[in-house]
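Have a look at the structure below before the remarks.
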Amino acid sequence: MSNVYTLKDINNRGHRLGSTYEQELEKKLRTAIDFNSEIIDFNEKLQAENSEYSEREKESQRTYADIGNKISQLNASTTKVRSQLISERKSHSESQRELEAKYTAEIQSLKSEIKTLKRKATLAQKASSADKIKILSLEVKIRELEGKLDDLELEQVLHDSNTVGGMIEEPAQINGPFGTNSSEIDSLRLELERANEDLNSKKHEIECMKKGVETSNNIFRQEIDALYSARSKLMEKNNSLRDQLALKKNNEVDTPPPPINNSSCTAPSSHPSTLNPSSQIISIGGAEAYLLRLYASWPGNGGIRGKKANTVSAKSSGGFIKTFSASATVHANNQPIWIRLPPLPLCPWFCKNQ
252 MSNVYTLKDI
262 NNRGHRLGST
272 YEQELEKKLR
282 TAIDFNSEII
292 DFNEKLQAEN
302 SEYSEREKES
312 QRTYADIGNK
322 ISQLNASTTK
332 VRSQLISERK
342 SHSESQRELE
352 AKYTAEIQSL
362 KSEIKTLKRK
372 ATLAQKASSA
382 DKIKILSLEV
392 KIRELEGKLD
402 DLELEQVLHD
412 SNTVGGMIEE
422 PAQINGPFGT
432 NSSEIDSLRL
442 ELERANEDLN
452 SKKHEIECMK
462 KGVETSNNIF
472 RQEIDALYSA
482 RSKLMEKNNS
492 LRDQLALKKN
502 NEVDTPPPPI
512 NNSSCTAPSS
522 HPSTLNPSSQ
532 IISIGGAEAY
542 LLRLYASWPG
552 NGGIRGKKAN
562 TVSAKSSGGF
572 IKTFSASATV
582 HANNQPIWIR
592 LPPLPLCPWF
602 CKNQ
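For the sequence shown, our numbering assigns the number 252 to the initial residue and increments by one for each residue that follows.
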């Protein structure tokens with residue numbers, strides 16, 4: 252008869268080699284070893300992803316620092332531009348007031364001069380109309396004198412012809428009317444010459460007055476045109492300055508700080524965020540808490556350190572555990588990542604052997 256060897260546990264309850272209990276325990280140990288390798292692979296993946304995310308986070312921090320420097324530079328340039336705009340507005344308003352006062356005074360003086368010139372022109376027109384009337388009267392008088400002169404010359408010619416024809420009169424009678432006629436002719440000639448001189452002088456005065464009025468009108472028209480052109484240029488310059496000021500005011504940039512949750516710098520949804528500890532809790536299903544405890548107490552474990560598995564059990568009337576929850580801390584590159592297992596139904600054997 253062959254010898255039978257048994258193994259005794261702590262409670263001195265033995266089980267035969269090759270029994271069902273030993274086979275189940277061996278199967279569970281193999282399952283735990285396989286799960287250990289899976290968790291090691293998962294830990295390596297988490298470490299790689301965590302290192303990649305830390306690099307991304309460093310890059311995002313550098314980007315935020317650059318953005319902060321740019322924002323400070325933009326704020327400084329905005330303050331400088333605002334101060335320049337304020338000084339430009341003050342200088343522009345002062346120069347505009349000075350120019351408006353200057354051109355307003357010049358325009359008022361020119362308007363007063365135009366009024367005086369219009370009065371002078373009206374008086375000159377009235378004087379020229381009076382001179383024209385006088386000229387017409389002088390022309391009529393000249394025509395009368397010329398007619399009288401022609402009559403006297405005709406009488407003299409007739410008298411000469413009578414003298415040649417033998418009609419001799421007394422010297423007193425001849426010399427009397429001839430003498431009076433010659434003196435009257437001389438006086439009429441003098442009066443005619445004076446009237447012609449007056450006429451020429453009046454015409455010359457009228458021409459000079461017309462030329463002076465035209466010259467002064469042209470000069471003042473040129474001055475008025477120059478002032479209006481200068482005023483229009485000033486208004487255009489004022490409008491352009493206003494447009495520039497409005498454009499600068501619209502171009503003032505108050506750059507808001509960029510949002511922290513940037514899509515380019517945010518970790519994927521499958522990666523835990525180191526900024527929010529609550530987002531570091533991940534769920535791993537399909538494993539029993541017993542395997543997790545075996546893995547936590549495994550001698551070659553270098554991946555899970557920290558908290559021991561916590562159990563909360565409530566037995567039902569049939570002896571089964573209704574709920575079980577466990578949590579552990581996985582350290583990857585000194586960054587804690589929380590793992591929470593969902594509630595799992597367990598067999599009565601596990602409850603019995605606890």
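For each residue, glycine too, the CB sits at the ideal point set by N, CA and C.
Report the CB separation of residue 457 from residue 379 in whole angstroms; it is logged as a contact under 8 Å.
Here residue 457 refers to the residue found at position 206 of the sequence shown. Here residue 379 refers to the residue found at position 128 of the sequence shown. About 5 Å; that satisfies the 8 Å criterion.
Pull up the CB-CB distance for residue 441 and residue 361, whole angstroms please, since I reckon it's below 8 Å.
Sequence index remark: in the sequence shown, residue 441 carries index 190 (1-based). Sequence index remark: in the sequence shown, residue 361 carries index 110 (1-based). Actually they are not in contact, since the Cβ atoms of residue 441 and residue 361 sit about 50 Å apart, beyond 8 Å.
On a CA-only basis, which of 492, 502, 482 and 312 is nearest residue 355? Give me that one, please.
Within the sequence shown, residue 355 is the residue found at index 104, counting from 1. Cα-wise, what sits closest to residue 355 is 482.
Which residue wins for smallest C-alpha separation from residue 404, given the options 437, 352, 301 and 459?
The residue given as residue 404 occupies position 153 in the sequence shown. The shortest C-alpha separation from residue 404 is found at 437.
Using CA atoms only, rank isn't needed, just tell me which of 386, 407 and 461 is closest to residue 450.
Locating residue 450 in the sequence shown gives position 199, where the first residue counts as 1. Looking at the Cα atoms, 386 is the closest of the given residues.
Can at least three beta-carbon pairs, one atom from the region 492-504 and one from the region 364-384, be found at a separation below 8 Å?
Touching, no.
Using beta-carbon positions only, say whether residue 340 and residue 498 come within less than 8 Å of one another.
Start at 1 with the first residue of the sequence shown, and residue 340 comes out as number 89. Start at 1 with the first residue of the sequence shown, and residue 498 comes out as number 247. No.
For residue 465 and residue 363, what's the separation of their Cα atoms in angstroms?
The count along the sequence shown starts at 1 and reaches residue 465 at position 214. The count along the sequence shown starts at 1 and reaches residue 363 at position 112. Residue 465 and residue 363: Cα-Cα distance of roughly 18 Å.
Would you please state the rounded distance, in angstroms, between the beta carbons of residue 447 and residue 393? I believe it to be under 8 Å.
What you label residue 447 is simply residue 196 of the sequence shown in a count that begins at 1. What you label residue 393 is simply residue 142 of the sequence shown in a count that begins at 1. Sure, about 7 Å apart at Cβ, within 8 Å.
With distances taken from CA atoms, which of 452, 353 and 343 is nearest residue 382?
Mapped onto the sequence shown, residue 382 falls at position 131. Nearest option by C-alpha distance: 452.
Is it buried or exposed for residue 301, if we count other Cβ within 10 angstroms and need 16 for buried?
Within the sequence shown, residue 301 is the residue found at index 50, counting from 1. Looking at its Cβ environment, which holds 16 or more other Cβ atoms inside 10 Å, residue 301 is buried.
For residue 323 and residue 473, what's the separation of their Cα atoms in angstroms?
Taking the sequence shown and counting its residues from 1, one reaches residue 323 at position 72. Taking the sequence shown and counting its residues from 1, one reaches residue 473 at position 222. For residue 323 and residue 473, the distance between alpha carbons rounds to 56 Å.
Any idea what DSSP makes of residue 684, helix, strand or coil?
Nothing in the structure corresponds to residue 684, since the chain is present only between 252 and 605.
Measuring alpha carbon to alpha carbon, tell me which residue in 368, 445 and 295 is nearest residue 463.
Here residue 463 refers to the residue found at position 212 of the sequence shown. Out of 368, 445 and 295, 368 has the C-alpha closest to the C-alpha of residue 463.
By a C-beta neighbour count over all protein chains shown, 10 Å radius and 16 as the cutoff for buried, is residue 290 buried or exposed?
Along the sequence shown, read from residue 1 onward, the residue named residue 290 stands at position 39. Classification of residue 290: buried, given that the 10 Å Cβ count is 16 or more.
Mind checking residue 443: buried by the 16 CB within 10 Å criterion, or exposed?
Locating residue 443 in the sequence shown gives position 192, counting from the first residue. With 16 or more Cβ atoms within 10 Å of its Cβ, residue 443 is classed as buried.
How is residue 302 classed by DSSP in three states: helix, strand or coil?
One-based indexing of the sequence shown puts residue 302 at position 51. In the structure shown, residue 302 sits in a helix (DSSP, three-state: H, G or I).
Rounded to whole angstroms, what's the CA-CA distance from residue 350 to residue 358? Just pull it up for me.
To locate residue 350, count along the sequence shown from 1; it is residue 99. To locate residue 358, count along the sequence shown from 1; it is residue 107. Going from the Cα of residue 350 to the Cα of residue 358 covers about 12 Å.
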